[in-house]
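A.B. asks:
2 protein chains.
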Amino acid sequence: MTRNEKINFATPSGFPEFLPGEKRLELYLLDTIRKVFESYGFTPIETPAVERLEVLQAKGNQGDNIIYGIEPILPPNRQLERDKSGETGAEARALKFDQTVPLAAYIARHLNELTFPFARYQMDMVFRGERAKDGRFRQFRQCDIDVVGRDKLSLLYDAQMPAIITEIFAAINIGDFVIRINNRKILSGFFQSLGVAQEQIKTCIGIVDNLEKIGEAQVQQDLEKSGISSEQSRKIIEFINIDGNVDDVLDKLKHLAVNLPQAEGFNLGVSELEAVIDGVNNLGVPSQRFCIDLSIARGLNYYTGTVYETTLIGHESLGSICSGGRYEELVGIFLGEKMPGVGISIGLSRLINRLLKADILQKLPPTPAQVMVVNIQEDLMPIYLQVSQQLRRGGINVVTNFEKKQLGKQFQLADKQGIRFCVIIGSQEAVNAKSCLKDLSTGEQIEVPLSNLATTLQQILQPTPSHGG
Amino acid sequence: MTRNEKINFATPSGFPEFLPGEKRLELYLLDTIRKVFESYGFTPIETPAVERLEVLQAKGNQGDNIIYGIEPILPPNRQLERDKSGETGAEARALKFDQTVPLAAYIARHLNELTFPFARYQMDMVFRGERAKDGRFRQFRQCDIDVVGRDKLSLLYDAQMPAIITEIFAAINIGDFVIRINNRKILSGFFQSLGVAQEQIKTCIGIVDNLEKIGEAQVQQDLEKSGISSEQSRKIIEFINIDGNVDDVLDKLKHLAVNLPQAEGFNLGVSELEAVIDGVNNLGVPSQRFCIDLSIARGLNYYTGTVYETTLIGHESLGSICSGGRYEELVGIFLGEKMPGVGISIGLSRLINRLLKADILQKLPPTPAQVMVVNIQEDLMPIYLQVSQQLRRGGINVVTNFEKKQLGKQFQLADKQGIRFCVIIGSQEAVNAKSCLKDLSTGEQIEVPLSNLATTLQQILQPTPSHGG
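As given, the protein sequences belong to chains A and B, one line each in that order.
Each number in our numbering corresponds to the 1-based position in the first sequence with 2 added.
Each number in our numbering corresponds to the 1-based position in the second sequence with 2 added.
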């Protein structure tokens with residue numbers, strides 16, 4: 003074959019792909035996350051990668067997102083079909099940039115076929131035309147759950163979210179983390195009580211939300227620049243610095259409320275937060291796994307109540323590894339119905355990329371095979387095939403080596419791929435219905451009757467992570 | 003909220019989505035397929051949905067496929083960035099229309115990081131701008147496996163494919179099926195021996211491949227129309243009608259070869275087919291699951307040896323439910339290297355759609371939840387939450403009903419979603435650390451101490467299909 007020198011076969015910038023050991027890690031994480039989601043009764047859905055552009059832009063506009071539109075390219079021999087294909091000019095279509103607007107559309111499309119509260123998970127790819135830098139991808143997988151109610155939705159759904167986050171990250175075993183919980187009504191209520199004008203509150207919340215990135219002094223400066231008095235900004239800084247365990251913080255908030263004018267919003271936020279914290283406690287989430295952080299607000303404008311961020315302790319620079327909150331006016335946009343929801347999101351592609359780089363997670367071996375049946379005598383191939391099948395029926399992942407090579411080379415090939423065991427059958431073993439089982443991790447070699455081989459291996463091998471336990 | 007009346011929130015034509023019970027069925031099938039793939043040591047990869055257009059068109063052109071190009075749409079507030087974004091004009095990019103060209107690109111991109119023979123599976127979405135009819139989708143999931151060698155690749159990899167197909171469709175339990183095996187060298191060798199001109203052989207193979215669709219008479223007519231003599235076409239019809247069990251057919255082919263002029267190609271095909279059939283037998287594939295069918299060729303030009311089709315008996319009109327073959331000159335296109343491969347493909351989205359319509363598969367219940375903890379007394383919520391968590395730790399999928407409703411309504415809500423069990427705890431039960439376990443499928447109700455509840459339920463519940471068993 004002649005190589006086509008002209009083709010640049012690299013992935014397009016911002017569209018990376020995993021090596022097998024990384025992809026296997028992703029599947030293991032997806033299995034783990036899915037298992038936790040399903041244990042709380044969340045059901046899977048998947049919306050198409052492509053939606054009508056008007057759907058994606060339904061929230062007023064597309065936010066700051068660069069959306070990818072799609073346009074059919076006809077093959078050279080079918081250029082004449084352009085006008086007949088029903089594929090051109092009909093409707094503007096584009097790739098989805100998040101799971102939230104498509105969730106709203108999905109609910110609108112299937113309203114009468116769904117049961118409410120509707121608890122769904124989604125692990126699809128989303129697409130954003132970002133500049134590819136900073137570990138930001140243009141295609142990435144996002145793992146979202148949301149519960150959506152019709153008209154009302156218990157705060158206990160908000161309480162379940164930290165329990166779910168805790169179980170996921172404990173199962174993944176990435177070290178200590180803490181879920182920071184707040185309620186946006188507390189922030190906006192406090193600003194209102196201070197006399198901050200209604201139209202300025204969102205700006206203030208945005209500034210406060212930047213605390214971790216820009217520091218206290220800058221927050222104060224930005225607040226004052228936006229027209230907040232120095233007296234007010236001092237009080238705001240003092241307020242967002244309230245800390246202690248959850249009971250302390252709730253006590254301080256209630257104490258503060260006593261002298262606060264126009265405190266309805268504030269009080270509603272505090273009572274919501276208390277109900278959520280109560281639920282989190284009753285769900286048995288260990289107290290070191292969550293705290294109240296009055297400074298977090300989640301930049302996105304659509305959150306209206308509870309908000310969450312998750313910080314990996316010792317790796318704060320990674321930013322929040324799982325975030326979300328409660329919203330009121332998002333899911334109902336297509337129906338004109340009030341549909342309150344609460345949800346969280348894990349940006350899985352980015353998370354894996356960062357956790358691998360920080361050496362917090364390691365990729366898996368590049369193959370799911372656990373055993374290699376080696377080939378030392380071509381005429382014994384029927385036995386090699388039969389033994390391989392016998393092991394597979396025993397739930398073991400097996401490769402049979404079809405190419406006859408020096409035995410040492412075959413061990414190397416297995417070892418390179420992280421395959422721990424080799425099964426060796428020569429004519430002597432074949433006659434006696436035995437095999438030689440070599441553990442490449444120790445070099446040890448034991449004789450095992452073929453009839454016991456599957457059982458012996460089952461006992462040694464732990465369930466592979468790729469089967470999600 | 004006011005409904006935005008103008009937005010058409012339907013999915014774009016050709017981009018359907020599953021309801022939860024259908025999506026759960028898809029996940030169950032994906033789990034099942036993946037388990038079989040991994041048991042043979044196939045490792046997962048996923049290539050980006052977006053590739054450079056020149057990569058997708060590398061096989062001379064894009065075949066008959068309408069490809070979707072992608073173009074960034076900047077949000078209104080960022081129109082000025084158009085030229086600076088590095089997102090425009092740089093390179094033509096498009097959505098992949100199959101997994102084969104991207105596999106070739108993946109191997110070229112990671113040649114030195116992969117181990118050969120490289121056995122990978124892929125279950126990604128692909129995109130084709132087809133006219134949306136006939137259950138053809140514009141976005142669909144394709145489950146592919148391929149083994150790719152450098153320079154050479156044992157025919158035993160070809161033999162593994164029917165074993166894998168058999169295990170998948172037996173596990174999915176969709177009734178009787180038969181895998182039809184052929185070797186294109188036999189067909190082209192036979193045509194060559196008949197004296198058909200070299201440049202006409204591919205056309206003839208294409209006509210023969212249509213046998214099932216158009217019938218024998220039409221095949222003969224088409225052959226003659228393309229310049230084949232009636233004597234030749236009669237012999238071709240006779241040839242593709244050779245049948246019997248695999249040994250019979252192989253015998254007849256060898257017998258035929260004796261009097262065939264220029265039979266090198268033909269004989270090579272027969273000996274390859276014999277080696278493959280031998281391997282299939284040694285792998286223990288039941289004899290009723292495969293046959294030799296000399297008429298199948300797979301339309302795609304790139305197959306050069308073994309080819310497979312799978313027919314669901316009694317549902318022949320569905321067409322082949324799993325197909326593939328051996329190719330020589332496909333994977334190496336970017337490297338200019340000979341890289342023989344063999345693979346099969348299941349068009350999963352289309353298959354699910356057709357099997358659901360034909361009532362061969364049924365969708366699953368719309369939720370993975372197996373148990374509902376009902377809410378009959380608000381002040382007992384802490385106990386409901388604790389019991390729910392205890393069951394989840396026991397591996398059971400649980401929803402807690404947060405909304406207080408009439409008990410009958412709560413049973414209805416559970417039943418509607420296919421949740422079989424309700425756990426009822428009133429003040430009496432709470433005091434005695436007991437619960438009432440109601441089986442909605444029978445109406446039976448038993449008293450179970452809370453300490454035994456998880457164990458009792460574990461014993462009754464089979465592993466759910468959504469966990470891949």
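Virtual Cβ for every residue (Gly too), placed ideally from N, Cα, C.
1) Quick one: give me the first and last residue of the alpha helix (DSSP H) that V389(B) is part of.
2) Ignore the nearest five residues each way along the sequence and tell me which others in Y159(B)'s own chain have a CB closer than 6 angstroms to its CB.
3) Considering only the beta carbon of each residue, do P50(B) and T13(A) sit closer than 8 angstroms?
4) Note down, in chain order, each residue of its chain lying with its Cβ closer than 6 angstroms to the Cβ of I448(A), except the 5 sequence neighbours on either side.
5) Starting from the beta carbon of D66(A), find every residue of chain B whose beta carbon is closer than 9 angstroms, and list them in chain order.
6) For a contact defined as C-beta to C-beta under 7 angstroms, what are the partners of N175(A) on chain B?
7) What is the residue span of the alpha helix (DSSP H) that D160(A) lies within?
8) Give me the chain B residues within the contact set of R54(A), using Cβ-Cβ distance strictly less than 7 angstroms, ordered along the chain.
9) Per DSSP, what kind of secondary structure is K440(A) in: helix, strand or coil?
10) With 8 angstroms set as the bound, which would you pick, yes or no: does the beta-carbon of S41(B) sit closer than that to a beta-carbon of chain A?
11) List, from N- to C-terminal side, the alpha helix (DSSP H) runs of 4 residues or more that fit wholly inside the stretch 210-283 of chain A.
12) Would you say M125(B) reaches chain A, if we count a Cβ-Cβ gap shorter than 8 angstroms as a contact?
13) Pick out whichever of F423(B), I385(B), I68(B) and V376(B) has its Cα sitting closest to the Cα of R80(A).
14) To be precise: take each residue of the stretch 278-297 of chain B, compare its Cβ to all Cβ atoms of chain A, and keep it if any distance is under 8 angstroms. Which residues remain?
15) Work out the CA separation of S235(B) and L262(B) for me, nearest whole Å.
16) Using 8 angstroms as the threshold, is the C-beta distance between L285(B) and Q162(B) below it?
17) Report back the beta-carbon spacing between Y108(B) and F44(B) to the nearest angstrom; my notes put them in contact at under 8 angstroms.
18) With a cut-off of 8 angstroms on the beta carbons, I'd call L97(A) and V52(A) a contact; round off their distance for me.
19) Run through the DSSP bridge pairs and tell me what V287(B) is partnered with.
20) Is I69(B) close to chain A? Criterion is C-beta to C-beta, closer than 8 angstroms.
21) Does the separation of the CB atoms of N377(B) and Y386(B) fall below 8 angstroms?
22) Quick check: is the beta carbon of H112(B) nearer than 8 angstroms to any beta carbon in chain A?
23) Is the separation between the beta-carbon of R328(B) and that of T308(B) shorter than 8 angstroms?
24) Roughly how many angstroms lie between the CA atoms of G267(B) and L105(B), to the nearest whole one?
25) Tell me the DSSP secondary structure of N79(A) in three-state form.
26) Write down the C-beta distance between I238(A) and Y42(A) rounded to the nearest angstrom, noting that I regard them as a contact closer than 8 angstroms.
27) Would you say S325(B) reaches chain A, if we count a Cβ-Cβ gap shorter than 8 angstroms as a contact?
28) Considering only the alpha carbon of each residue, which of A432(B), L459(B), P451(B) and Q379(B) lies closest to G396(B)?
29) Please compile the residues from chain B whose C-beta is within a distance smaller than 8 angstroms of the C-beta of L415(A).
30) Taking G307(A) as part of the beta strand (DSSP E), name the residues at either end of that continuous run.
31) Run through DSSP, which three-state label would S15(B) get?
32) Is there a Cβ from chain B that is less than 8 angstroms from the Cβ of F99(A)?
33) Do three or more CB pairs link the stretch 141-157 of chain B to the stretch 364-377 of chain B at distances below 8 angstroms?
34) Would you list the residues sitting across from Y70(B) in a DSSP beta bridge?
35) For the beta strand (DSSP E) containing S351(B), name the first residue and the last one.
36) Take L452(B) as the anchor and find which of S437(B), S195(B), D153(B) and L332(B) has the nearest alpha-carbon.
C.D. replies: Here's the rundown:
1) In the DSSP assignment, V389(B) falls within the alpha helix (DSSP H) that extends over M383 to R395.
2) The answer, listed in chain order, is V149 and V344.
3) In this structure, T13(A) lies closer than 8 angstroms to P50(B) by Cβ.
4) Spatial neighbours of I448(A) in its own chain (CB-CB distance under 6 angstroms, excluding positions within 5 residues in sequence) are listed in chain order as L439.
5) Simply P77, N79 and R80.
6) Residues of chain B passing the Cβ test: none, with the nearest at roughly 17 angstroms.
7) Start and end: L158 to I174.
8) The contacting residues are N10 and P14.
9) K440(A) sits in a strand when the DSSP states are folded into three classes.
10) Yes, S41(B) lies at the interface with chain A (some Cβ there is under 8 angstroms from its Cβ).
11) You should have 213-216, 218-227, 232-242 and 248-260.
12) No - not a single Cβ of chain A is within 8 angstroms of the one on M125(B).
13) Among F423(B), I385(B), I68(B) and V376(B), the Cα nearest to that of R80(A) is on I68(B).
14) Only those residues of the stretch 278-297 of chain B whose C-beta falls short of 8 angstroms from the nearest C-beta of chain A are listed: G281, N284, L285 and G286.
15) Going by the C-alpha atoms only, they are around 16 angstroms apart.
16) Q162(B) sits close to L285(B), with the two beta carbons spaced by under 8 angstroms.
17) At roughly 14 angstroms, the Cβ-Cβ gap does not stay under 8 angstroms, so Y108(B) and F44(B) are not in contact.
18) Contact between L97(A) and V52(A) holds, since their C-beta atoms are separated by about 6 angstroms, short of 8 angstroms.
19) Under DSSP, no beta-bridge partner is assigned to V287(B).
20) Yes, I69(B) lies at the interface with chain A (some Cβ there is under 8 angstroms from its Cβ).
21) In this structure, Y386(B) lies closer than 8 angstroms to N377(B) by Cβ.
22) At least one C-beta of chain A is nearer than 8 angstroms to the C-beta of H112(B).
23) Contact flag set, yes.
24) Taking the CA atoms as reference points, G267(B) sits about 29 angstroms from L105(B).
25) Three-state result, N79(A): helix.
26) With a Cβ gap of about 36 angstroms, I238(A) and Y42(A) do not count as contacting.
27) Chain A contact via Cβ: absent.
28) Nearest C-alpha to G396(B): L459(B).
29) What L415(A) touches in chain B: T117.
30) Secondary structure note for G307(A): its beta strand (DSSP E) is the uninterrupted segment Y305 to L314.
31) Coil.
32) At a cut-off of 8 angstroms between beta-carbon atoms, F99(A) makes no contact with chain B.
33) Flag = no, the stretch 141-157 of chain B and the stretch 364-377 of chain B do not touch.
34) Per DSSP, the beta-bridge partners of Y70(B) are P74(A).
35) Segment L350 to K359 is the alpha helix (DSSP H) holding S351(B); no beta strand (DSSP E) there.
36) Answer by Cα proximity: S437(B).
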